[in-house]
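Have a look at the structure below before the remarks.
Number of protein chains: 2
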Amino acid sequence: MTPLAYALLGLIRDEPRSGYGLRKVFETTPMGNYSSSPGSIYPALKNLEKAGLVESRATGKKSVLAITTTGETAFATWLAQPVTSEEDPNIALLRFAFLQNNRPQSLDFLMSYARCAHAKVIALRNFLDSEPGQALPLQARLAVYHGLKTTEAAAEWAADAYRQLNEDITP
Amino acid sequence: MTPLAYALLGLIRDEPRSGYGLRKVFETTPMGNYSSSPGSIYPALKNLEKAGLVESRATGKKSVLAITTTGETAFATWLAQPVTSEEDPNIALLRFAFLQNNRPQSLDFLMSYARCAHAKVIALRNFLDSEPGQALPLQARLAVYHGLKTTEAAAEWAADAYRQLNEDITP
DNA sequence: CCAACCATGTAAGCTGTTACATGATTGA
DNA sequence: TCAATCATGTAACAGCTTACATGGTTGG
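Protein chains in written order, with the UniProt record's numbering: chain V, 1 to 171; chain X, 1 to 171.
Written out as structure tokens, the structure reads:
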């Protein structure tokens, strides 16, 4: 299961869609970061179908893909994964985007996300303070600093999001 | 030429290195984001050699790879590319990290980088304000917001870096 | 009627990942 | 001497990108 496969599965879980409909989502929303062109989407959909996670349904004339029970289970398992430092943060974020109405899991996610972001910030600071880091030319140091700043912003985002989700509970 | 190939070429330009030496750089610095394991590095190095961008030199017992004149030219051309919105920002940043001692080109880079970051911020804000954006579940909105926050941080970084490089000129 | 969009795919080629394989050297 | 590190690769496999191919429908 690739990230693209999970993105497709999640979109289909939200509502049954055709291959073309899925492509439109990627073209017209920021989810476009996760994919692209027919050459990747259609084969991925076939894999999902082969694995029994989605099935083709004829609604009137059009054939759309709907998630199966097996698919729901597999998707829920994926959603429950905690964030780790090894994982691409963008893929973790993709999971978060699909965590609708699941406040406890969302809060767990944000916790582990913030932890990983923090760990990365510390690692980058340590690198900049180390001798190889000090010996770097200015531009290279600034490039590392870029990572530091954006990761700090990500950590702050996680803290903000945590607050927002908590406030949501007591209106 | 893949990003990995450019990363390798840049490291070899800075100083001649062996395949193993290159791997160590990826393992011990934040440049590790750009690669990984022998299975990708050694084939990539062979391609660089085949293309005449690097050549193998025997220094004492060890054989190290050095950049050729053709390689220098190709690398300089790559470095001069402006940042575009289509490009993966991480790859743009990789270019920046190699722009040592080239203040004018660095400033140009930061300008185009900031422009792209700004454009992305505006696009994300527009999306969040649009009807499909409004209809999103909270978690999905927050995920987009993550992109917004980190991109804003990236834009600020570019402005800061611009100032630092300018100050550097008049001590 | 023609352009644009709906809609689904296939094929070639390249890259990268994972895992395996091999052997030399060095420090405790 | 034994583990770690130096050092260089190969092979199987899967995935994505680009480009191509095909045909239906709809609005101006």
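Glycine included, C-beta positions come from ideal geometry on N, C-alpha and C.
So which residues on chain V does X/Val144 lean against when the C-beta distance must stay under 7 Å?
Within chain V, the residues placing a beta-carbon under 7 Å from that of X/Val144 are Pro30, ordered along the chain.
Under 8 Å Cβ-Cβ, which residues of chain X neighbour V/Ser106?
Within chain X, the residues whose beta carbon sits less than 8 Å from that of V/Ser106 are Gln139, listed in sequence order.
Boundaries of the alpha helix (DSSP H) in which X/Val64 is found, first to last residue:
It is not in any alpha helix (DSSP H) - X/Val64 instead sits in the beta strand (DSSP E) that spans Lys62 to Ile67.
CB-CB length for X/Asn47 against X/Ala76, believed under 8 Å:
Incorrect: roughly 19 Å between the Cβ atoms, too far for contact.
Does the separation of the CB atoms of V/Phe26 and V/Gly32 fall below 8 Å?
Yes.
Give, in chain order, every residue of the stretch 62-81 of chain V whose Cβ lies closer than 9 Å to some Cβ of chain X.
Under the 9 Å Cβ criterion, the stretch 62-81 of chain V contributes no residue.
Given 8 Å, three or more beta-carbon pairs between the stretch 64-75 of chain X and the stretch 39-54 of chain X:
Look at the beta carbons and you see the stretch 64-75 of chain X touching the stretch 39-54 of chain X: at least three pairs across the two are nearer than 8 Å.
Could you check whether the Cβ of X/Phe127 sits closer than 8 Å to any Cβ belonging to chain V?
Output row for X/Phe127: interface = yes.
Element boundaries [alpha helix (DSSP H), containing V/Ala80]
For V/Ala80, no alpha helix (DSSP H) run applies, since DSSP gives it neither H nor E.
Is the CB of X/Asn101 under 8 Å away from at least one CB in chain V?
Interface residue, yes.
State yes or no: is the beta carbon of X/Ala7 nearer than 8 Å to at least one beta carbon in chain V?
Chain V, which has no Cβ nearer than 8 Å to the Cβ of X/Ala7, makes this no.
Quick one: what's got a C-beta closer than 8 Å to V/Tyr42's C-beta in the same chain, skipping five residues either side?
Excluding positions up to five away in sequence, the list reads Gly19.
Can you tell me which of the three DSSP states V/Glu156 falls into?
In this structure, V/Glu156 counts as helix in the three-state DSSP scheme.
So with Cβ pairs under 8 Å, would you call V/Phe26 a contact of chain X?
It does not: the Cβ of V/Phe26 has no partner Cβ on chain X nearer than 8 Å.
Taking C-beta to C-beta, are V/Ala123 and X/Thr150 nearer than 8 Å?
Contact: no.
In this structure, how does DSSP classify V/Ala161 when only helix, strand and coil are distinguished?
V/Ala161 falls in the helix class under three-state DSSP.
Go through the stretch 92-130 of chain X residue by residue and report every complete run of the alpha helix (DSSP H) that reaches 4 residues or more, in order.
Taking only runs of at least 4 residues, the alpha helix (DSSP H) segments lying wholly in the stretch 92-130 of chain X are 103-129.
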